[in-house]
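Novice: Here the sequence shown stands for residues 0 to 150, numbered as in numbering that gives the first Met the number 0.
Here it is, the structure, as structure tokens.
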Amino acid sequence: MKFLILIHVLSAIIGVGPTYFAHVLLRKNQTLDELRSSLRVGGRLEVFPKIGGTLAVLTGLLLIWLGDYGTFMQTWLFGSLVAYILIQIIAIGFATPNQKKLESWVLDPVNQTATSLPAEQLIQWIKARNYFYGASAIGLILFIFMIVKPN
């Protein structure tokens with residue numbers, strides 16, 4: 000059981016962790032070259048939420064099934080699942096599409112000589128960053144639920 004808890008905690012950290020880096024990578028006041036570099040790094044980080052997040056959910060469900068954690072409707076348990084689902088909706092449904100549109104313009108070879116972003120890409124940059132801030136805030140709530148376990 001302890002090994003399963005270890006896998007669950009590590010996969011949760013690895014799965015949610017890149018969400019905290021996303022808004023750092025999309026930070027304000029970067030040059031366009033710095034943004035290009037940040038978007039390339041962000042693209043490499045995308046694999047962690049897919050694998051870690053999936054493993055965290057599966058091990059979490061297995062822990063509930065095998066462990067003595069009480070009813071599923073406890074605030075910390077239900078709240079953790081809801082928080083995780085919200086993070087996924089925000090990250091996958093809102094932040095990532097804006098980031099991908101921005102990335103496609105920024106990394107397009109045609110635009111490599113540009114020194115600033117057009118208004119449309121600037122809006123996508125701001126939206127993606129703000130969505131990732133929201134996902135990070137919910138991630139903090141998720142970790143608080145998992146550590147404090149309020150009834």
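Glycine included, every Cβ here is placed at the ideal spot set by N, Cα and C.
How is the alpha helix (DSSP H) around Y19 delimited, first residue to last?
Specialist: If you number the sequence shown from 1, residue 19 lands on position 20. Counting along the chain, the alpha helix (DSSP H) containing Y19 begins and ends at 1 to 24.
Novice: Determine, using beta carbons only, whether G51 and S10 come nearer to each other than 8 Å.
Specialist: For the purposes of this step, residue 51 is taken as the residue at position 52 of the sequence shown. For the purposes of this step, residue 10 is taken as the residue at position 11 of the sequence shown. Yes, these two residues count as a Cβ contact at 8 Å.
Novice: Comparing alpha-carbon positions, which option in V56, K100, P17, T95 lies nearest S79?
Specialist: The sequence position of residue 79 within the sequence shown is 80, counting from 1. The option with the nearest alpha carbon to S79 is V56.
Novice: Could you give the C-beta distance for W75 and F144, rounded to a whole number, given that I count them as a contact under 8 Å?
Specialist: In the sequence shown, residue 75 corresponds to position 76, counting from 1. In the sequence shown, residue 144 corresponds to position 145, counting from 1. The Cβ separation is near 4 Å, so the contact holds.
Novice: Spatial neighbours of I137 within its chain, please: C-beta separation below 8 Å, excluding the five flanking residues on both sides.
Specialist: Taking the first residue of the sequence shown as position 1, residue 137 is located at position 138. Hits under 8 Å: A82, L85, I86, I89.
Novice: Give me the residue from R39, L106, A21, Q73 with the minimum Cα distance to N150.
Specialist: As a first step, residue 150 must be located in the sequence shown, where it is residue number 151. Looking at the Cα atoms, Q73 is the closest of the given residues.
Novice: Short check: CB of L38 to CB of E102, under 8 Å?
Specialist: Residue mapping note: residue 38 aligns to position 39 of the sequence shown, counting from 1. Residue mapping note: residue 102 aligns to position 103 of the sequence shown, counting from 1. Yes; because the gap between Cβ atoms is below 8 Å, this pair is in contact.
Novice: Less than 8 Å between the beta carbons of G41 and A21, yes or no?
Specialist: For the purposes of this step, residue 41 is taken as the residue at position 42 of the sequence shown. For the purposes of this step, residue 21 is taken as the residue at position 22 of the sequence shown. Yes, Cβ-Cβ distance for G41 and A21 is below 8 Å.
Novice: Report back the beta-carbon spacing between N97 and Y130 to the nearest angstrom; my notes put them in contact at under 8 Å.
Specialist: Numbered from 1 along the sequence shown, position 98 holds the residue referred to as residue 97. Numbered from 1 along the sequence shown, position 131 holds the residue referred to as residue 130. N97 to Y130, Cβ: 7 Å. Contact.
Novice: Should S135 go down as buried or exposed, given a rule of 16 or more other Cβ atoms within 10 Å for buried?
Specialist: In the sequence shown, residue 135 corresponds to position 136, counting from 1. It is buried - the Cβ of S135 has at least 16 other Cβ atoms within 10 Å.
Novice: Taking the C-alpha atoms as reference points, what is the distance between H7 and G92?
Specialist: As a working note, residue 7 is residue 8 in the sequence shown. As a working note, residue 92 is residue 93 in the sequence shown. Approximately 24 Å, taken between the alpha carbons.
Novice: With a threshold of 16 other CB atoms inside 10 Å of the CB of G69, please say whether the residue is buried or exposed.
Specialist: Locating residue 69 in the sequence shown gives position 70, where the first residue counts as 1. By the 10 Å Cβ count, G69 comes out exposed.
Novice: Go ahead and label A113 buried or exposed: buried means 16 or more other beta carbons lie within 10 angstroms of its beta carbon, across all protein chains shown.
Specialist: Numbered from 1 along the sequence shown, position 114 holds the residue referred to as residue 113. Per the 10 Å Cβ criterion, exposed.
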